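If you want it as structure tokens, here you go:
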């Protein structure tokens with residue numbers, strides 16, 4: 001680490017001057033980035049996925065070094081080679097993924113690595129808990145030092161991560177997509193905490209692609225596109241549309257999809273008393289009951305880790321349930337594997353496209369036919385029909401707007417958005433009867449996400465039943481006709497999407513409310529005022 005001058009009382013908290021980062025493989029992540037982050041403010045760095053936001057964060061925190069340019073912290077030029085050097089300079093980072101030891105108490109997690117020790121050289125628990133309480137009181141971040149980290153909510157775990165940085169003396173706190181797995185209530189709590197930090201003199205840098213968050217919490221913003229700065233602004237002086245245009249390089253039309261009311265329709269998909277236990281013995285799904293009509297999108301809301309991924313895997317035939325049934329047009333389609341489910345008319349957009357959705361070393365053509373290569377249209381006597389496969393791939397590339405030089409491009413060379421378009425095009429092209437779409441726009445830029453959502457609605461309008469599983473509550477509300485909420489593997493609420501309120505849904509997502517005998521079957525009672533009963 002190098003520092004060329006003492007701290008300046010008037011210099012900005014962070015300044016980047018002409019910073020460029022080119023990785024060893026030739027990838028240009030950032031080019032000539034210059035920005036100023038003033039002290040005691042919330043500064044949002046926003047942009048689409050792949051815009052270079054996280055690389056900026058990594059360079060400031062010492063996880064990677066710039067190829068050229070200068071980084072100044074409080075007026076001093078720095079060249080961090082390791083995060084510990086950034087921490088010593090007063091910088092803390094709250095990563096998108098929580099990194100706590102579940103079996104440790106909150107106090108133990110906060111002081112980990114800098115533990116107060118007693119005469120015997122062991123952890124002084126009384127001192128640790130006392131320091132954590134004082135720190136929590138000072139910054140208004142209420143925590144129970146004695147609670148196990150694995151037993152508290154995600155929102156509480158994030159408070160612990162913030163306190164960890166403050167315990168180490170952070171004057172600058174970097175936050176990378178901090179609301180990705182938070183409920184609306186937890187997001188409000190986080191924003192309130194950020195305001196308290198700023199009032200206490202801490203500088204907060206927020207990395208996000210969510211425009212509503214930028215407007216709600218930041219004082220200033222910097223927009224990145226393709227690794228370059230496209231604009232700076234005082235947040236109060238710029239609108240959503242202008243920010244979005246700086247992010248994507250063109251005006252974005254607001255998407256509004258018409259909802260349908262299928263409450264009195266005959267179910268196309270019937271799921272009854274579905275249960276699933278993980279190989280480790282954990283109950284992931286318990287007594288799940290729901291219907292989906294033809295021409296309907298049923299949205300699944302919930303904090304991640306409450307059974308959504310297990311539900312998608314069971315319905316796709318990847319794993320077998322331990323109880324219950326699932327029928328599509330009165331034909332059972334689970335328990336017998338993926339091929340049986342697909343033969344019945346089920347298609348799947350998996351949660352993790354890299355591990356479950358594509359083969360990154362294969363080209364677009366082979367990924368496009370991965371689920372139906374055995375059909376007569378693409379093979380004969382075990383031999384693939386190269387011309388037919390190429391024609392199919394080119395047709396879908398054009399239809400779905402996949403940006404690629406050739407249908408023979410390796411999928412691993414595509415952007416996240418185009419990779420997801422390959423998956424979606426393959427799954428939708430066969431006009432499935434039932435589509436299970438898990439996190440369909442995760443890690444996808446704004447423009448691509450809009451086109452993918454439009455494809456889901458178009459599939460619904462062609463008569464398919466769609467189950468939409470998404471951690472993005474705004475996406476669930478915007479696309480769904482009905483919504484069910486999962487909490488700890490159970491359905492705890494069910495209602496029409498047009499009567500749903502985002503903050504009220506959050507109460508169900510955290511288990512604070514629960515409808516009695518909740519199910520999402522057609523004809524079941526809806527929570528018209530989303531009240532239910534207190535859990």
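Residue numbers (the UniProt record's numbering): 1 to 535. Even glycine gets a Cβ: it sits at the ideal position worked out from N, Cα and C. Keep in mind the model is a prediction, meaning the values are calculated, not measured.
What number of angstroms, rounded off, separates the C-alpha of residue 491 from the C-alpha of residue 298?
As a first step, residue 491 must be located in the chain shown, where it is residue number 491. As a first step, residue 298 must be located in the chain shown, where it is residue number 298. Straight-line Cα distance between these residues: approximately 13 Å.
Here's the rule: buried if 16 or more other CB atoms are within 10 angstroms of the residue's CB, otherwise exposed. What is residue 508?
Reading the chain shown from its first residue, position 508 is the one you call residue 508. By the Cβ neighbour-count rule, residue 508 is buried, with 16 or more other Cβ atoms within 10 Å of its own.
Determine the contact status of residue 441 and residue 452, defining contact as a CB-CB distance below 7 Å.
Numbered from its first residue, the chain shown carries residue 441 at position 441. Numbered from its first residue, the chain shown carries residue 452 at position 452. In contact: residue 441 and residue 452 (Cβ atoms closer than 7 Å).
If you draw a straight line from the C-alpha of residue 403 to the C-alpha of residue 246, how long is it?
Within the chain shown, numbered from 1, the residue matching residue 403 stands at position 403. Within the chain shown, numbered from 1, the residue matching residue 246 stands at position 246. Separation of residue 403 and residue 246 (C-alpha to C-alpha, rounded to the nearest whole angstrom) is 21 Å.
DSSP-derived helix/strand/coil call for residue 139
What you label residue 139 is simply residue 139 of the chain shown in a count that begins at 1. Of the three classes helix, strand and coil, the one that applies to residue 139 here is helix, per DSSP.
Find out if the Cβ-Cβ distance for the pair residue 554, residue 227 is shorter than 7 Å.
Any answer about residue 554 is impossible in this case: the structure gives the chain only from 1 up to 535.
With a cut-off of 8 Å, do at least 3 Cβ pairs link the segment 427-442 to the segment 342-351?
Short answer: they touch.
Helix or strand or just coil, what does DSSP make of residue 165?
Residue numbering aside, residue 165 sits at position 165 when the chain shown is read from its first letter. In the structure shown, the three-state DSSP call for residue 165 is helix.
Helix, strand or coil: how does DSSP classify residue 289 here?
Translated into the one-based positions of the chain shown, residue 289 becomes position 289. Correct three-state label for residue 289: strand.
Supposed close pair residue 353, residue 423 - CB separation, criterion 8 Å:
On the chain shown, residue 353 is found 353 positions in, with the first residue counted as 1. On the chain shown, residue 423 is found 423 positions in, with the first residue counted as 1. About 5 Å separates the beta carbon of residue 353 from that of residue 423, a gap short enough to meet the 8 Å contact definition.
State yes or no: is the beta carbon of residue 135 nearer than 7 Å to at least one beta carbon in chain D?
This model lacks chain D altogether, as it is built from one protein chain only.
Got a sec, what are the start and stop residues for the beta strand (DSSP E) residue 385 sits in?
On the chain shown, residue 385 is found 385 positions in, with the first residue counted as 1. Run containing residue 385: none; DSSP gives neither H nor E here.
Under three-state DSSP, which class holds residue 20?
Along the chain shown, read from residue 1 onward, the residue named residue 20 stands at position 20. When secondary structure is reduced to three states using DSSP, residue 20 falls in the strand class.
Supposed close pair residue 290, residue 519 - CB separation, criterion 8 Å:
Translated into the one-based positions of the chain shown, residue 290 becomes position 290. Translated into the one-based positions of the chain shown, residue 519 becomes position 519. Contact holds; Cβ gap of about 6 Å.
Among 366, 138, 62 and 71, whose alpha-carbon lies nearest the alpha-carbon of residue 410?
Along the chain shown, one-based indexing puts residue 410 at 410. Nearest of 366, 138, 62 and 71 to residue 410, Cα basis: 366.
Residue 556 to residue 191 span [Cα, whole Å]
Coverage of the chain is limited to positions 1 through 535, which leaves residue 556 absent and any answer about it impossible.
Taking contact to mean at least 3 C-beta pairs separated by less than 8 Å, is the segment 45-61 in contact with the segment 456-474?
Contact fails: fewer than three Cβ-Cβ distances are below 8 Å.
Assuming residue 215 contacts residue 230 (C-beta within less than 8 Å), just tell me the rounded distance between them.
Within the chain shown, the letter at position 215 stands for residue 215. Within the chain shown, the letter at position 230 stands for residue 230. About 17 Å; that fails the 8 Å criterion.
Mind checking which residues open and close the alpha helix (DSSP H) that includes residue 184?
As a first step, residue 184 is located in the chain shown; it is residue number 184 there, counting from the start. Unbroken alpha helix (DSSP H) run through residue 184: 184-199.
On the DSSP bridge list, what partners appear for residue 203?
For the purposes of this step, residue 203 is identified with residue 203 of the chain shown, where counting begins at 1. Paired residues: 172.
Tell me which residues share the same chain as residue 525 and place their Cβ nearer than 8 Å to its Cβ, disregarding the 5 neighbours each side in the sequence.
What you label residue 525 is simply residue 525 of the chain shown in a count that begins at 1. With a pLDDT of 47 at residue 525, under the threshold of 50, the modelled position of that residue is not reliable, and the figure given next carries that caveat. Excluding residues up to 5 positions away in sequence, nothing lies with its Cβ nearer than 8 Å to the Cβ of residue 525 in the same chain.
From which residue to which residue does the alpha helix (DSSP H) around residue 215 run?
Taking the first residue of the chain shown as 1, we reach residue 215 at position 215. Under the DSSP assignment, residue 215 falls in the alpha helix (DSSP H) whose first and last residues are 211-217.
Considering only residues of the same chain and omitting the five flanking positions on each side of residue 273, which have a CB-CB separation below 8 Å?
In the chain shown, residue 273 corresponds to position 273, counting from 1. Around residue 273, the same chain offers 287, 288, 289, 323, 324 and 325 as residues with beta carbons nearer than 8 Å, after the five sequence neighbours per side are excluded.
Beta bridge counterpart(s) of residue 30 as assigned by DSSP
Locating residue 30 in the chain shown gives position 30, where the first residue counts as 1. Bridge partners of residue 30: 21.
Within a Cβ cutoff of 7 Å, which residues of the same chain sit near residue 196, ignoring the five residues on either side of it in sequence?
Taking the chain shown and counting its residues from 1, the one referred to as residue 196 is at position 196. Setting aside the 5 residues that flank it on each side, residue 196 is surrounded in the same chain by 139 and 140, each with a C-beta closer than 7 Å to its C-beta; the list follows chain order.
C-alpha distance - residue 533 paired with residue 513, whole-angstrom precision
For this step, residue 533 is matched to residue 533 along the chain shown. For this step, residue 513 is matched to residue 513 along the chain shown. Residue confidence for residue 533 is low, a pLDDT of 34 falling below 50, so the modelled location carries little weight; the figure read from the coordinates is stated next. Between the C-alpha atoms of residue 533 and residue 513 there is a straight-line separation of about 6 Å.
Does the segment 265-279 come close enough to the segment 305-324 to have 3 or more Cβ pairs within less than 8 Å?
Contact between the segment 265-279 and the segment 305-324 is present, because at least three Cβ pairs lie under 8 Å.
If you draw a straight line from the C-alpha of residue 317 to the C-alpha of residue 439, how long is it?
Here residue 317 refers to the residue found at position 317 of the chain shown. Here residue 439 refers to the residue found at position 439 of the chain shown. Cα to Cα, the separation comes out at about 18 Å.
Taking only runs of the alpha helix (DSSP H) that begin and end inside the segment 388-463, which ones reach a length of at least 4 residues, in chain order?
The segment 388-463 contains these whole alpha helix (DSSP H) runs: 416-429 and 446-461.
How far does the alpha helix (DSSP H) with residue 340 in it reach, from first residue to last?
Sequence index remark: in the chain shown, residue 340 carries index 340 (1-based). Following the DSSP letters along the chain, one finds residue 340 inside the alpha helix (DSSP H) bounded by residues 338-343.
How about residue 194 and residue 172: are their beta carbons less than 7 Å apart?
On the chain shown, residue 194 is found 194 positions in, with the first residue counted as 1. On the chain shown, residue 172 is found 172 positions in, with the first residue counted as 1. In this structure, residue 172 does not lie closer than 7 Å to residue 194 by Cβ.
Can you check whether the CB of residue 471 is closer than 7 Å to the CB of residue 304?
Taking the chain shown and counting its residues from 1, the one referred to as residue 304 is at position 304. Taking the chain shown and counting its residues from 1, the one referred to as residue 471 is at position 471. In this structure, residue 471 lies closer than 7 Å to residue 304 by Cβ.
Which one of 515, 462, 494 and 54 has the shortest CA to CA distance from residue 225?
Locating residue 225 in the chain shown gives position 225, counting from the first residue. Comparing Cα-Cα distances from residue 225 to each of 515, 462, 494 and 54, the minimum goes to 54.
By the 10 Å Cβ neighbour count, where 16 or more other Cβ atoms means buried, how is residue 412 classified, buried or exposed?
Here residue 412 refers to the residue found at position 412 when the chain shown is read from its first residue. Residue 412 is classed as exposed because its beta carbon has fewer than 16 other beta carbons within 10 Å across all chains shown.
On the DSSP bridge assignment, give the partners of residue 45 in chain order.
Sequence index remark: in the chain shown, residue 45 carries index 45 (1-based). BP columns for residue 45 point to 207 and 222.
Indicate the three-state DSSP secondary structure (helix, strand or coil) for residue 528 in the structure shown.
As a position in the chain shown, residue 528 is number 528, starting the count at 1. For residue 528, the predicted structure reports a pLDDT of 37, less than 50, and the residue's modelled location is therefore unreliable. A value from the coordinates is still provided. Collapsing the DSSP output to three states places residue 528 in coil.
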